[in-house]
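A.B. asks:
There are 2 protein chains.
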Amino acid sequence: MVSERKREIISVASSLIRRQGYAAVTMRTLAQEVGVKAASLYNHITSKQEILAHIILGVAQSFTEGMAVAKAMDAQPLDKIKQLISLHIEITIQQTSDMEVMQNNWMYLEGESMAQYKRSRNQYEADLRQIISAGIADGSIRNVNPELLIYSLLSPLRYLYVWFPRQKTLDAEQLKDELASVLLGGIEN
Amino acid sequence: MVSERKREIISVASSLIRRQGYAAVTMRTLAQEVGVKAASLYNHITSKQEILAHIILGVAQSFTEGMAVAKAMDAQPLDKIKQLISLHIEITIQQTSDMEVMQNNWMYLEGESMAQYKRSRNQYEADLRQIISAGIADGSIRNVNPELLIYSLLSPLRYLYVWFPRQKTLDAEQLKDELASVLLGGIEN
DNA sequence: AAACTAAACTAACAAGCGTTAGTTTTATAT
DNA sequence: ATATAAAACTAACGCTTGTTAGTTTAGTTT
Numbered sequence: 173m174v175s176e177r178k179r180e181i182i183s184v185a186s187s188l189i190r191r192q193g194y195a196a197v198t199m200r201t202l203a204q205e206v207g208v209k210a211a212s213l214y215n216h217i218t219s220k221q222e223i224l225a226h227i228i229l230g231v232a233q234s235f236t237e238g239m240a241v242a243k244a245m246d247a248q249p250l251d252k253i254k255q256l257i258s259l260h261i262e263i264t265i266q267q268t269s270d271m272e273v274m275q276n277n278w279m280y281l282e283g284e285s286m287a288q289y290k291r292s293r294n295q296y297e298a299d300l301r302q303i304i305s306a307g308i309a310d311g312s313i314r315n316v317n318p319e320l321l322i323y324s325l326l327s328p329l330r331y332l333y334v335w336f337p338r339q340k341t342l343d344a345e346q347l348k349d350e351l352a353s354v355l356l357g358g359i360e361n
Numbered sequence: 173m174v175s176e177r178k179r180e181i182i183s184v185a186s187s188l189i190r191r192q193g194y195a196a197v198t199m200r201t202l203a204q205e206v207g208v209k210a211a212s213l214y215n216h217i218t219s220k221q222e223i224l225a226h227i228i229l230g231v232a233q234s235f236t237e238g239m240a241v242a243k244a245m246d247a248q249p250l251d252k253i254k255q256l257i258s259l260h261i262e263i264t265i266q267q268t269s270d271m272e273v274m275q276n277n278w279m280y281l282e283g284e285s286m287a288q289y290k291r292s293r294n295q296y297e298a299d300l301r302q303i304i305s306a307g308i309a310d311g312s313i314r315n316v317n318p319e320l321l322i323y324s325l326l327s328p329l330r331y332l333y334v335w336f337p338r339q340k341t342l343d344a345e346q347l348k349d350e351l352a353s354v355l356l357g358g359i360e361n
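Listed below in structure tokens is the structure:
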């Protein structure tokens, strides 16, 4: 369904948008980077907007699928949260550029793409809310404002892309353990 | 030094950029929102870029000044961190729009403004690193990867603007306590 | 060899951009 | 009233933007 060339264009676009932002990347610079004239891009894609939507909705789908796995697990709330931490780490490592593009450029989505992005984001947060509520109910999670918990859990996970690529000491597996330890157990000794 | 009209223009620009992104806001839409023709804006500002720089470097300066206060405190590392949590909350509440503009649009800065932004950001992180190192050294902070600690502390603080405006239950003072409790003590019970 | 198809090309359009020049209005101070 | 200065206006320039039309090239199938 998605040709090799199209994938290449979107991949190059992702790394350009990552560095410069969606609006600053022109079809001409994108074409040059691909090694082609601007008009030729339109043999493969239908619009600039389609490229952005493809990148962002691809990441969003990865999260939706990963959340489905976590929800289906027969496990304690805290273990489901650990599973989600793994999910964020894996997506960040496997789709670093797309992840960064999503976080910084989703506001440039239009129409149905924007609607779909917001829908999947809201659904993800709602699912996490449910897991946290269950944890508070069974006493495994501290009884503080659930929205605050969601937020202080999700922020570091969402912005892993800022930090992970520039550190060298931890691999994915170590990161998973240390991050889970810090997020669940806190900073204090 | 900065006239009333100029402040108004920059303030209107901030809320437009916040919603639409820097590149998507044109001088014509900005002018219309201010109630004036585009060319008239140039009686007060010298360029679109100046507006962005003014917004972002203003927030950056607030952080630099706040960090200076924290550094100068005669207090334990954990109390300095609590002070920084307060700082982030105060800036987020007092300059919500500017804060969001900074986080999402700093990559559109150019030349010396970009250099200055990066300098102040790096300095802030270096100062926080020092505080955390001191805390690890005296045993008050857990001995895990310091970069990971910085990051998982800073992410929720930086993205408070996403969350704080849409919740109603906590005021600034309560938020300060609960957030410090969660960030320092973790989620787990 | 002929026909077909995918994907490149050149050229250009219409729209929108930030910004400037030159002029007029408005308000304040003399 | 008159002069001055601040801040608005109209008009336009030069450029860049995403995209389209029409054509040519290259590779594969019959």
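Sequence order for the protein chains is P and X.
Quick note on the working numbering: the first sequence kicks off at 173 and runs consecutively.
Quick note on the working numbering: the second sequence kicks off at 173 and runs consecutively.
Here a beta-carbon is modelled for each residue, glycine too, at the ideal position from N, C-alpha and C.
For clarity, every value in this text was computed on a predicted model and none was experimentally measured.
Just checking: is the beta-carbon of Tyr333/P within a distance shorter than 8 Å of some beta-carbon in chain X?
C.D. replies: Proximity of Tyr333/P to chain X, defined by a Cβ-Cβ separation below 8 Å, is not satisfied.
A.B. asks: Using a 10 Å radius around the Cβ and a threshold of 16 neighbouring Cβ atoms, would you call Met274/X buried or exposed?
C.D. replies: Buried, since its Cβ has 16 or more Cβ neighbours within 10 Å.
A.B. asks: Starting from Pro328/P, find everything on chain X with Cβ-Cβ shorter than 7 Å and list it in chain order.
C.D. replies: Tyr323, Ser324, Ser327, Pro328
A.B. asks: Could you work out which residue in Ala287/X, Val316/X, Asn276/X, His260/X is closest to Glu350/P when comparing CA atoms only?
C.D. replies: Val316/X
A.B. asks: Taking just the CA atoms, how far does Leu213/P sit from Thr201/P?
C.D. replies: 11 Å
A.B. asks: Have a look at Glu282/X and Glu297/P and give me their C-alpha separation to the nearest angstrom.
C.D. replies: 35 Å
A.B. asks: Measuring only between beta-carbons, confirm whether Val197/X sits less than 8 Å from chain P.
C.D. replies: no
A.B. asks: Exposed or buried, what is Gln255/P when buried is set at 16 or more other beta-carbons lying within 10 Å of its beta-carbon?
C.D. replies: buried
A.B. asks: Is the beta carbon of Ala185/P less than 8 Å from the beta carbon of Val174/P?
C.D. replies: no
A.B. asks: Counting only the same chain and skipping the five closest in sequence on each side, list residues whose C-beta sits under 7 Å from that of Ser269/P.
C.D. replies: Ser186, Ser187, Arg190
A.B. asks: In three-state DSSP terms, what is Ile313/P?
C.D. replies: DSSP places Ile313/P in the strand class (E or B) of the three-state scheme.
A.B. asks: Are any of the Cβ atoms in chain P nearer than 8 Å to that of Leu281/X?
C.D. replies: no
A.B. asks: Report, in whole angstroms, the separation of the C-beta atoms of Ile257/P and Leu329/P, which I expect to be a contact under 8 Å.
C.D. replies: 7 Å
A.B. asks: Over what stretch of residues does the alpha helix (DSSP H) that includes Leu213/P continue unbroken?
C.D. replies: Counting along the chain, Leu213/P falls outside any alpha helix (DSSP H), and DSSP gives it neither H nor E.
A.B. asks: Comparing C-alpha positions only, which one of Met279/P, Asn276/P, Gln192/P, Ile223/P sits nearest to Ile181/P?
C.D. replies: Ile223/P
A.B. asks: Have a look at Val208/X and Val206/P and give me their C-alpha separation to the nearest angstrom.
C.D. replies: Cα to Cα, Val208/X sits roughly 43 Å from Val206/P.
A.B. asks: When you compare only the Cα positions, how much space is there between Leu355/X and Leu300/X?
C.D. replies: 15 Å
A.B. asks: What three-state label does DSSP hand Glu362/P in the structure shown?
C.D. replies: Outside the shown range of chain P (173 to 361) lies residue 362/P, about which nothing can therefore be said.
A.B. asks: Select from Leu250/X, His260/X, Gly358/X the residue whose C-alpha is nearest the C-alpha of Val231/X.
C.D. replies: Across the set Leu250/X, His260/X, Gly358/X, the C-alpha of His260/X shows the shortest separation from the C-alpha of Val231/X.
A.B. asks: Do three or more CB pairs link the segment 328 to 344 of chain P to the segment 327 to 344 of chain X at distances below 8 Å?
C.D. replies: yes
A.B. asks: Between Asp310/P and Pro249/P, how many whole angstroms is the CB-CB distance? I'm expecting something under 8 Å.
C.D. replies: With a Cβ gap of about 7 Å, Asp310/P and Pro249/P count as contacting.
A.B. asks: For chain X, is any of its Cβ atoms less than 8 Å away from the one on Thr341/P?
C.D. replies: yes
A.B. asks: Check for me: the alpha helix (DSSP H) holding Pro337/X runs from which residue to which?
C.D. replies: Careful: Pro337/X lies outside any alpha helix (DSSP H) and carries neither H nor E.
A.B. asks: State the DSSP-derived secondary structure class of Met274/X, mapped to helix, strand or coil.
C.D. replies: Correct three-state label for Met274/X: helix.
A.B. asks: Is Ala240/P helix, strand or coil by DSSP?
C.D. replies: helix
A.B. asks: Express the C-alpha separation of Ala225/X and Ile217/X in angstroms, rounding to a whole number.
C.D. replies: Cα to Cα, Ile217/X sits roughly 12 Å from Ala225/X.
A.B. asks: Where do the ends of the alpha helix (DSSP H) carrying Ser219/X lie?
C.D. replies: Segment: none, Ser219/X is in no alpha helix (DSSP H) and carries neither H nor E.
A.B. asks: Go ahead and label Tyr245/X buried or exposed: buried means 16 or more other beta carbons lie within 10 angstroms of its beta carbon, across all protein chains shown.
C.D. replies: In the sequence on display, residue 245/X carries Met and not Tyr. Met245/X should be labelled exposed.
A.B. asks: Taking 8 Å as the threshold (beta carbon to beta carbon), is Leu202/P in contact with chain X?
C.D. replies: The C-beta of Leu202/P comes no closer than 8 Å to any C-beta of chain X.
A.B. asks: So with Cβ pairs under 8 Å, would you call Val273/P a contact of chain X?
C.D. replies: no
A.B. asks: Within a Cβ cutoff of 8 Å, which residues of the same chain sit near Tyr333/P, ignoring the five residues on either side of it in sequence?
C.D. replies: Thr264, Thr268, Met271, Glu272, Gln275
A.B. asks: For Ile304/X versus Pro318/X, is the C-beta spacing smaller than 8 Å?
C.D. replies: For Ile304/X and Pro318/X, yes; Cβs fall inside 8 Å.
A.B. asks: If we call anything under 8 Å between Cβ atoms a contact, is Gly193/P one with Ala195/X?
C.D. replies: yes
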